[in-house]
Amino acid sequence: DGGITQSPKYLFRKEGQNVTLSCEQNLNHDAMYWYRQDPGQGLRLIYYSQIVNDFQKGDIAEGYSVSREKKESFPLTVTSAQKNPTAFYLCASSGSGEQYFGPGTRLTVT
Amino acid sequence: AQSVTQPDIHITVSEGASLELRCNYSYGATPYLFWYVQSPGQGLQLLLKYFSGDTLVQGIKGFEAEFKRSQSSFNLRKPSVHWSDAAEYFCAVPPYGVKAAGNKLTFGGGTRVLVKP
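Going down the list, the protein sequences come from chains A and B. Taking the numbering used here, I'd label the letters of the first sequence as residues 21 to 130. Taking the numbering used here, I'd label the letters of the second sequence as residues 650 to 766.
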């Protein structure tokens, strides 16, 4: 089945540690996106990539980093510089307009 | 750039009743428009999309939406709500309303729908 996978579904980390969230798609989409979702705040764009080896900052990129070495993969690293990392993270991909979303990773940092 | 507003944060509806969720956009020309649904703890699922043509768009799960240029709106409707429709609904639009591969989307703040038995 074609789709987007995110792993793990739940992730726990101690404050001060970097953590990498995985996102893989087999839809052959060129574009991929990372969003952060907090209760009552909708979706906010962190980073996006329209093509391999290229990516752009979204609205809230500070404290995050990404790479796009393969078309299928767009991992997100939440660094220790992110002041409030506990959130629900959603990955999406797009081929020709609409975006398709993965199931999300809930990150808790204590 | 495009912006999108969902005026209702919460809506409570009885099972079997009709549902209408409001979405207003800021762009003057006819934009691309999307509605997504998110069940608790899940990703977003595309319900329907409007690109051009017929202003009444049919989607999945019995939902439809109507594009009204004069009101800058793209409201989502369902004639008879089921308990499984309890979820959060998001309206979205790309920058400048333009259809293009790889475009970002701007999302509304979402409307949470509660369904009473």
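All C-beta atoms in this analysis are idealised placements derived from N, C-alpha and C, irrespective of residue type, glycine included.
Residue-chain proximity (residue i, chain B), Cβ-Cβ < 7 Å
i	result
A:G122	yes
A:E92	no
A:Q102	no
A:Q45	no
A:G23	no
A:L63	yes
A:E89	no
A:E118	yes
A:Y68	yes
From the options, residue whose alpha carbon lies closest to that of residue i
i	options	result
A:N48	A:A112, A:P123, A:T128 and A:W54	A:A112
A:I80	A:E92, A:K91, A:Q102 and A:V72	A:Q102
A:N73	A:Q37, A:F94 and A:G117	A:F94
B:L682	B:K698, B:N673 and B:Q691	B:K698
B:F756	A:Y84, A:Q57 and A:F32	A:Q57
B:Y674	B:S663, B:S719, B:P728 and B:R726	B:S719
B:I658	B:T760, B:K727 and B:C672	B:T760
B:L754	B:P744, B:S733 and B:L763	B:P744
B:A741	B:G758, B:P728, B:P656 and B:S663	B:G758
A:K34	A:S100, A:F108 and A:Y120	A:S100
Delimiting residues of the beta strand (DSSP E) encompassing residue i
i	result
A:Y30	Y30 to R33
A:R64	L63 to I71
A:C111	A107 to S114
A:R12	Within the shown structure, residues of chain A are numbered from 21 to 130, placing residue 12 of chain A beyond reach of any answer.
B:L695	L693 to Y699
B:N724	S722 to K727
B:Y676	No beta strand (DSSP E) contains B:Y676, which DSSP labels as neither H nor E.
B:H731	From DSSP, B:H731 is part of no beta strand (DSSP E); its letter is neither H nor E.
A:L133	An answer regarding residue 133 of chain A cannot be provided, because it is not within the stretch 21 to 130 covered by chain A.
B:Q707	L705 to Q707
A:D74	D74 to K77
A:S27	I24 to S27
B:A666	Element bounds for B:A666: n/a, residue is neither H nor E.
A:F51	A quick correction: the sequence has Ala, not Phe, at residue 51 of chain A. Looking at the DSSP string, the run of the beta strand (DSSP E) that includes A:A51 is A51 to Q57.
Chain A within 7 Å of residue i, Cβ atoms only
i	result
B:K710	no
B:K717	no
B:L754	yes
B:G692	yes
Nearest-angstrom beta carbon gap, residue j and residue i [assumed within contact, 8 Å]
i	j	result
B:A714	B:F723	6 Å
A:N46	A:E89	Going by Cβ atoms, the distance from A:N46 to A:E89 rounds to 16 Å, so no, they are not a contact pair.
B:Y738	B:V686	5 Å
B:L693	A:L110	7 Å
A:V86	A:T106	So it is not a contact: roughly 19 Å between Cβ atoms.
A:Q26	A:G124	6 Å
B:L684	B:G708	The sequence given here places Trp at residue 684 of chain B; Leu does not occur at that position. That pair is a contact at about 7 Å.
B:L668	B:V730	5 Å
Paired residues, beta bridge with residue i - DSSP
i	result
B:C740	B:W684
A:A101	Answer is none; A:A101 lacks a bridge partner.
A:R88	Answer is none; A:R88 lacks a bridge partner.
B:F716	B:F723
B:F756	B:A741
B:H659	B:R761
A:Q119	A:S114
A:S93	A:E44 and A:K90
8 Å Cβ cut-off: residues of chain D touching residue i
i	result
A:L110	Protein chains in the displayed structure are A and B, and chain D is not among them.
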